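Numbering (my numbering), first residue to last: 7 to 618. By construction, the Cβ of each residue, glycine as well, lies at the ideal position given by its N, Cα and C atoms. This structure is a prediction, so every number in the text was calculated from the model and none was measured. Working notes, structure below.
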Amino acid sequence: MLTQTPAPRVAGPSSRTSYSCVCMDNITMAKLLDETAALLEIDAADPFRVRSYRRAAEAVEQQTTPLATLVDEPKQLLAIAGIGKGMAANIVELVRTGSMPLRDEMLTKYKPGMLQLLRLPSMGPKTVALLWSALEISNIDELEAAAKAGHLATLPRFGQKQIDKILKGIEDHRKNSGRYRIDDAKETAERIAALLLVFPGIETVTPAGSLRRGRETVGDLDLLVTGPACEPDVVSAAVEYVATLPLIDNLLARGQNKVSFTLRNNLQVDVRLLPRASYGAALQYFTGSKMHNVSLRQRALKRGYTLSEYALARMNPAEGESAIVAAATEEEIYAAMGMQWIAPELRENGGELEAAEAGTLPQLITLEDIRGDVHMHTVATDGSNTIREMAEAALLRGLKYIAITDHSKNLAMTNGLDDARAMDHVRAIRAVDAEMQGRIRVFAGIEVDILQDGSLDLLDETLAQMDVVIGSVHSHFQIPASEMTARLLRAVENPYLRILGHPSGRILLRRDPYEFDLDAVLKRCAELGVAVEHNAAPPRADLNDLNLRKAKALGCKISINSDAHTTGELDRMPFGITQLRRAWLTPEDVINTLDADAFLAALRPRPVGVKA
Ligand code: DGT
Ligand code: CA
Ligand code: CA
Ligand code: ZN
């Protein structure tokens, strides 16, 4: 329990000079000890020795006091069950240098890639040692090549069945080491949370890690769980419940308060059951990012505090004073550090800590700020719903205006509109706008293709009839960067183009962005008053957070749109908002926060002489 931990003393001046080492946290330390144990095992070391490193790793992970603060207090290190004299010396080395002699020695003898081999199914240390000594296989790629080339069959006990199993394991591992889109991850997290909440005594499930920070993809899910069933003395029944969830494909690890498993799609999930008293500290820690945490811990040390997954604690409490400064909520922790609470989306060590200290964090945009969504499709092209259905669905979502922006003829597979159909469509849109009687405004628009030469796919006269003209690239992605830049620059020079749609063309995890000089295009958009789009569809999510920051810095107007092809896809907007928040954007930076008339007025003015 937190209150029973002896208060750490102030670290001596010598160890204070290098904060980066003093900042090694217990979980990182445990990982390094565990790796050393695995390398020793490959080395066929005495099993007792291997075991001592494993036990030490477990003991370190369970400690509530950051051991890095105890390096000048060997007695306190030795007081921990599972840490003897030699291990205490190892810990001191780890803190001071980031490694330790035995680990270094093992890593000169073996290769780090061999640790990865151990994660494959049916791959133990003896097998890894054999693969190394017989075939010099030191990583997964080499193992795969050897298996495919038939070399493994020359080894004892390697039948075809065993080899097939290894190849399948490698394939699964590859999928597993991939990343998952935030929308898929979020849905999965919600599904698991619903199951967890069935257990009596589990009251709160919070996704942490990259999902909470809103990264567009996540490596694995980190779910934090609390409630009466998660207190240290009662946690085993809850752990048992989690470890036997029916959706678990592969149970990876099951500890005192942690269960790790993979799902059928290979996504890994880490569930941690935490006491309420330290939930805030855990949430802060496991939300990350790692660099944000390292920076925050350095600041804590300067204040005479330690920050861990258990608490923000005084290093040197006065007689009778509690060591704990804050632990139950994140708000308390940041406040005790003299900072504003920092939205998870900003926690990438990109200036947010400095701003929080100065009290100058931006008022980030929220979904409630959005009044209009001006990129969506209907049955006229590749959408699934009518204009009226889109309008009603948008109204239900509280929007004040939308624009219908179907495709143009170049995108033939979508039944894209030619000039005549586009004009008919404008009339149909205006009719629905009238039917809605002001409950919601329905603007006439088009998502016109930017052709290979940078011209637009429809006549100026047609475009002149539209309220919203989005220009997008949907073909010829592979042209040289200079040509793509020229193409986009020519497109935005067209006075009818008002918004540059999904400007990078990427499809997350499937298609890279096309190459061009983004800075040049953004600069020109800013000069001409062409808005740039953040496309809220999770597979697109461009401009991404970094480029959005750039667009803002260059003075671009920014528009966020769902690009919905069904009424349900209007609900993509929150994913886009998350990315805008990661880019530090405020409501003032985004034109969709304006009223309908102000929005139209904020778009690039129509060419003189053209009547709306
Ligand atoms: P991901 O899963 O690759 O999308 O990224 P994260 O940020 O979710 O990373 P993950 O799952 O490895 O860890 C979750 C959080 O836990 C991370 O953001 C910060 C914290 N954390 C994990 N491992 C370490 C570590 O070794 N050192 C520190 N300082 N923090 C860690
Ligand atoms: Ca994660
Ligand atoms: Ca994780
Ligand atoms: Zn498009």
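At least one heavy atom of ligand 2 falls within 6 Å of the beta-carbon of serine 216. Inside the segment 510–537, DSSP marks no whole beta strand (DSSP E) run of 3 or more residues. Note that the C-beta distance between leucine 84 and leucine 76 is not below 7 Å. The closest CA to that of alanine 244, considering only Leu227, Lys37, Glu533 and Val204, is found on Val204. By the CB criterion at 7 Å, isoleucine 583 and alanine 537 fall outside the cutoff.
Taking C-beta separations shorter than 7 Å and ignoring five residues to either side along the sequence, the partners of leucine 417 in its chain run Asp455 and His480, following chain order.
Counting along the chain, no alpha helix (DSSP H) covers phenylalanine 164, and no H or E run does either.
Beyond the five residues adjoining it in sequence on each side, arginine 125 comes within less than 8 Å, by CB distance, of His179 in the same chain, given in chain order. The C-alpha of isoleucine 254 lies about 18 Å from the C-alpha of glutamine 262. Here the alpha carbon of alanine 361 sits roughly 12 Å from the alpha carbon of alanine 349. Going by beta carbons, glutamate 64 and valine 56 fall outside the 7 Å limit. Boundaries cannot be given for glutamate 315, as no beta strand (DSSP E) includes it and DSSP labels it neither H nor E. For lysine 264, the secondary structure class from DSSP, reduced to helix, strand or coil, is strand. Residue pairing by DSSP puts tyrosine 186 in a beta bridge opposite Val224.
The beta carbons of glycine 207 and alanine 235 sit closer together than 7 Å. Taking glycine 233 as the centre and dropping the five residues before and after it, the same chain places the C-beta of Gly207, Ile208, Glu209 and Thr210 closer than 7 Å to its C-beta, in chain order. Exclusion of the five residues before and after alanine 570 leaves Met382 and Leu576 as the residues of its chain whose Cβ lies within less than 6 Å of its Cβ. Under the criterion of beta carbons closer than 8 Å, leucine 423 and aspartate 439 do not qualify as touching, at roughly 18 Å. If you look at threonine 42, you'll find it in the alpha helix (DSSP H) that goes 32–48. Counting only residues whose CB is nearer than 7 Å to a non-hydrogen atom of ligand 4, the list in chain order is Glu453, Ser478, His480, Gly507, His508 and Asp569. Bounds of the beta strand (DSSP E) holding threonine 411 are 407–413. Fully contained in the segment 243–288 are the following beta strand (DSSP E) runs of length 3 or more, in chain order: 256–260, 264–268 and 274–279. Scanning its chain for C-beta atoms nearer than 6 Å, with the 5 sequence neighbours on each side dropped, one finds around methionine 106 the residues Asn96, Glu99 and Leu100, in chain order. A direct Cα-Cα distance of roughly 14 Å separates proline 118 from leucine 137. Here methionine 490 carries a helix assignment [DSSP, helix/strand/coil]. Bounds of the alpha helix (DSSP H) holding isoleucine 97 are 91–103. Across the structure, leucine 600 and arginine 309 are spaced so that their CA atoms are roughly 43 Å apart. Just measuring C-alpha positions, the residue of Gln68, Arg303, Met35 and Met112 sitting nearest alanine 50 is Met112.
Contact between cysteine 562 and leucine 528 holds: their C-beta atoms lie close to 6 Å from each other, under 8 Å. Under the three-state reduction of DSSP output, glycine 119 falls in the helix class. Excluding its 5 nearest sequence neighbours in each direction, tyrosine 520 has C-beta neighbours in its own chain below 6 Å: Phe483, Met490 and Gly511, listed in chain order. Bridge partners of methionine 382 according to DSSP: Ala570.
With a cutoff of 6 Å, aspartate 228 counts as near ligand 2, since its C-beta is closer than that to a heavy atom of the ligand.
Assignment of serine 478 by DSSP, reduced to helix, strand and coil, places it in the strand class.
Membership of isoleucine 452 in the beta strand (DSSP E) is indicated by the continuous run 447–455.
Membership of alanine 434 in the alpha helix (DSSP H) is indicated by the continuous run 425–441.
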